[in-house]
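Before any comments, here is the structure.
Chains as they are written, first to last, in the working numbering: chain X, 163 to 454; chain F, 2 to 551; chain V, 2 to 334.
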């Protein structure tokens, strides 16, 4: 007479699959930072991209003025850089921002934004914008650093203003002070481990893991999107360097406790605890006990 | 037959052990009671082990908790950290926080013990939850077990509270934010709220520097003692009433069929304890939980996003997030918004739970003793209402992490909140309805859920094909066919004579008559009767004609 | 109870006709049907005890090896993941071994026992009779003593609760403490670094957290200072508040009116403040009115002014109690 393999083992399979699914879901969460934001209701602003004009046409940062002036002088003098930038600008930016960067119905003005802002948006790949979303997302940059600088030179030559590209030196930066400053100013949006966070209407504070020190400094000084702008009188250049050093640490933390579970906190911890912990124990009970 | 040295050693050991046991018994008189305990029958069904997960998690909490508390300092005094964790060196922090950092980095095995403690708490409350669901959906709370159900709910509440205080002790940024919310929610209680919080915290938030000392007393002593007391009562009541059991296999309202405590269940349950410990240890070492060094010390004007409490408080968090923003104004007074999601909603969840045995008895007019359980499908209304309440709880729990979900689904927080509000209202109704219909369907199919024998296709001698049911698996063969045997060996084995030398006089052994414990007779026995010895020769061949297998 | 001559559980030859007595059983008398059934139920569960015994033994041996590993790990300084994994093997080995032993190498059963009767009317009658022994102590005049005793016990219980009040010397009747804040007219705004804020410090779109000088209660005094624009910002229907935000500097209490979390997320583009705890959203350009989320009231605004040296100061204290609502708060702001 033929006998089949133990039904006991076979009927454990669905339950094991369940545990696997929970684990897989957690891994998905773990691998997922703040992604592209789509949909959602629109915020109460003046145009489709949410710009109310506040913050874009601001007076230049006093302490950055000297730096910028020197840079501008160097760049304005570099006619070929401006010319190359002009070409790339016409190709990728003018259709929305206007030929002179004066803004159109599709995009705000970028006049007076400054090289730092232009470099930030272009080198992180956020611009040129691929899909109109609630918030521009970081993607593979279309232009490299040099090209971004050329575009910035062109924009600067047409409409001067704004912060110059900061130079960041994290040697000798204070890791501990950077942590304090980060928790004071940044953790509230970007989370304690810079994995990002949620804002209103589909906007979000992105993860800082892919950012270079220069991009972080540019973001701090120019306040892209919903981010506040921190002037040098609020956060000095040394403060910024300290913060950048700390960000460098927390984006690659040593997780002494084991698997970080996405660094999101109790949400994933609870999922694992119930799914894996209680789940495994339930499986064990299923093995030890009898069925009805 | 020749006796070897090891034989004689064994004999000697046995005599010593038995002698010691007699020693104790003459002084404490335990043999009757312990024998009752050893004969106590546990039902075999796997769902009865969920409560044990909770029990063993609690024991693990005590063990790891004692260790962790040896290193914790409950002082809120501000110091400057100069320890092993570099990114916090030179930072101002409370001694409570510093001591926890110290335990995590400067104490060998400290981090594992701390994480085990936290994971055990997560498991503890999760296990209470699944246990409570098992008890609810099978109707084990019915008379005479209403008191025990109430005790269980009190245990759940206290476990929740203790977990909250426990993870607030390290004074880190995340738990400090939670403390602030705790204060606000409870101060919103009309009339007494501000007074109660003022007393507990020592004034307006953040209160007295003694706060951690107060929380430590509550977390280490007051609540655990209450839990221990209630847990002991819980177990005593269970044993006094005996477990409930599923129908079938000779189970009736007046008996219990299953495995006796000794040796079967002691081994299984003891093994289960170690397995719980193993899973907790694996989590404690391999999965990071509550990495306070990354959160930073609690500073009242700092906050981090993804500010969630531990999962078991998550339903309150979700409740706070989903509640619309209204506030109730009375002349000269106010019922703050946080009162409704923070106090009334958990009240709405807990009140029907506490009242359930009495509600069900009232509505079903069923006030009889019940020792046999229902299959959930046999009570569709109860199952539907239970499923609805669970859905409500789970939607609130998910809403507690709605910002994480917003990122996961690439949407806006506004859309997420509104979606969850809709699901919160309609979800329980939907799930309850579907559960009701499912139960009705399952009831209609008599064999639903039963293991069926598969059909095996064989070739007959004539060359045709026929389907025959397969054989039952050998491990299943015995149970269905053997009627349960009374566990009391006295009914089966002849009373042997006392063969041990040096037996004390008759005073220590009053009689061989009734022990006074119903159902348990006093029997003195030296060696187990020969029929008890397991092993070869007594196991019947499963395929012999006697067992009916063809 | 292992047999030294255990042959590993080979199947015995089919039993001879009744009474079926296995050859190795050293019992003189033959077993009857019930005795046989009992013997069956006392036999162990497993079909292949040898395999299970090997498995259980292996579990325990592996556990011991892991214990040695753990000892070594601890000795060389400890490592959390190794400790956790080894503890898993140690406990898991013992646990799985014990559980397998208990499941497969134990008397098969099933066993049954009768439930004890919980109580009988006789028991209850006896109890009532015993209790009534105390009747004589409370008869007649002595029933008054019972009432007096209950009164004394009740009073004692009430009095024993008094020390609870000593848990704090700050009770909600202390209006100044619970309803006020550390801010008063003329206070300089001190930021987290301890510096007083000057009107030239913040660029448009910048913000920081400020406190009154000498604040003893940073948890409630914490205030957000935002430079929204270069000109005063005020709600359209409240032009009198224009003086509260000189040169575009506007200050709101950082304590969320919902549950007290610091409202740290300033969204520059939307000009809104978002609280990370429960996502209450406040419209900065409109007096921190609540536009989304569970917060029931706008954030209280601190009127500002610029002094002669250009430093920003509080023009007055907050007009309303800060933070979440509570019973005695009253009012509508």
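Each residue gets a CB set at the ideal place from its N, CA and C atoms; glycine is no exception.
Residue i, DSSP secondary structure in three states
i                      : result
residue 307 of chain F : coil
residue 306 of chain V : strand
residue 319 of chain V : coil
residue 1 of chain V   : In the structure displayed, chain V extends from 2 to 334; residue 1 of chain V sits before or after that span and is not available.
residue 454 of chain F : coil
residue 452 of chain X : strand
residue 228 of chain V : strand
residue 254 of chain V : strand
residue 9 of chain V   : Residue placement at residue 9 of chain V cannot be trusted, given a pLDDT of 43 that sits under 50; the coordinates are not used to answer.
residue 48 of chain V  : coil
residue 330 of chain F : strand
residue 338 of chain F : coil
residue 469 of chain F : strand
residue 288 of chain F : strand
residue 148 of chain V : helix
residue 250 of chain X : helix
residue 591 of chain F : No statement about residue 591 of chain F is possible, as the shown extent of chain F runs from 2 to 551 and does not include it.
residue 267 of chain X : coil
residue 163 of chain F : helix
residue 92 of chain V  : helix
residue 373 of chain F : strand
Contacts that residue i makes with chain A (C-beta to C-beta distance below 7 angstroms)
i                      : result
residue 361 of chain X : Of the protein chains in this structure, namely X, F and V, none is chain A.
Per-residue burial, residue i [other beta carbons within 10 Å of its own, 16 or more giving buried]
i                      : result
residue 196 of chain F : buried
residue 259 of chain F : buried
residue 327 of chain X : buried
residue 297 of chain X : buried
residue 196 of chain X : Because residue 196 of chain X carries a pLDDT of 36, less than 50, the predicted location of this residue cannot be relied on, and no value is offered for it.
residue 21 of chain F  : exposed
residue 132 of chain F : buried
residue 104 of chain V : buried
residue 463 of chain F : exposed
residue 156 of chain F : buried
residue 257 of chain X : exposed
residue 1 of chain V   : Here chain V covers residues 2 to 334 and nothing more, so residue 1 of chain V does not appear.
residue 232 of chain V : exposed
residue 261 of chain X : exposed
residue 166 of chain F : buried
residue 1 of chain F   : Outside the displayed range of chain F (2 to 551) lies residue 1 of chain F, so it cannot be described from this structure.
Review point. Curious, which full-length alpha helix (DSSP H) runs of at least 4 residues does the region 296 to 355 of chain X contain?
Key: 307 to 320, 337 to 347, 349 to 352
Practice item. Spell out a yes or no on whether the region 318 to 326 of chain F and the region 382 to 398 of chain F are touching, meaning 3 or more CB-CB pairs, one atom from each, closer than 8 angstroms. Key: yes
Review point. For the region 329 to 344 of chain X, which residues have a beta carbon sitting closer than 9 angstroms to at least one beta carbon of chain F?
Key: 336, 337, 338, 339, 340, 341, 342, 344
Exercise for review: Name, going along the chain, the residues of the region 88 to 105 of chain V whose beta-carbon falls closer than 7 angstroms to a beta-carbon of chain X.
Suggested key: 100, 104
Check your understanding: So does the region 67 to 76 of chain V actually touch the region 247 to 266 of chain F, counting three or more Cβ pairs closer than 8 angstroms?
Key -> no
Practice item. For the region 206 to 232 of chain V, enumerate the residues whose C-beta is nearer than 7 angstroms to any C-beta of chain F, in chain order. Key: 210, 219, 220, 221, 223
Check your understanding: Does the region 283 to 301 of chain V touch the region 188 to 202 of chain F, meaning 3 or more C-beta pairs lie closer than 8 angstroms?
Key -> no
Check your understanding: Using 8 angstroms as the threshold, is the region 83 to 93 of chain V in touch with the region 275 to 294 of chain F, meaning 3 or more CB pairs across them?
Key -> yes
Check your understanding: Are there three or more Cβ pairs, one per stretch, closer than 8 angstroms when the region 241 to 258 of chain V is compared with the region 284 to 293 of chain F?
Key -> no
Exercise for review: Mind checking the region 87 to 115 of chain F against chain X and listing, in chain order, the residues whose C-beta falls within less than 8 angstroms of any C-beta there?
Suggested key: 87, 88, 89, 90, 91, 92, 105, 106, 112
Review point. Is the region 129 to 143 of chain F in contact with the region 368 to 381 of chain F, if contact means three or more CB pairs nearer than 8 angstroms?
Key: yes
Review point. Does the region 314 to 321 of chain V come close enough to the region 262 to 280 of chain V that 3 or more CB-CB pairs lie under 8 angstroms?
Key: no
Review point. When Cβ atoms are compared, which residues of the region 416 to 448 of chain X fall closer than 7 angstroms to chain V?
Key: 418, 419, 420
Practice item. Scan the region 197 to 279 of chain F and note each continuous beta strand (DSSP E) run of 3 residues or more that stays entirely inside, going in chain order. Key: 256 to 261
**Study point:** Start-end ranges of the alpha helix (DSSP H) lying completely within the region 387 to 431 of chain X, minimum 4 residues
**Key:** 399 to 412
Review point. Can you find at least 3 beta carbon pairs, one from the region 279 to 287 of chain X and one from the region 338 to 353 of chain X, that sit closer than 8 angstroms?
Key: no
Point to revise | Where the region 393 to 411 of chain X meets chain V: residues whose CB sits under 7 angstroms from a CB there | key: 393, 395, 396
Review point. Below 8 angstroms, can you find three or more Cβ-Cβ pairs linking the region 194 to 213 of chain F to the region 218 to 236 of chain V?
Key: yes
**Study point:** Interface positions of the region 426 to 449 of chain F facing chain X (Cβ-Cβ less than 7 angstroms), listed along the chain
**Key:** none
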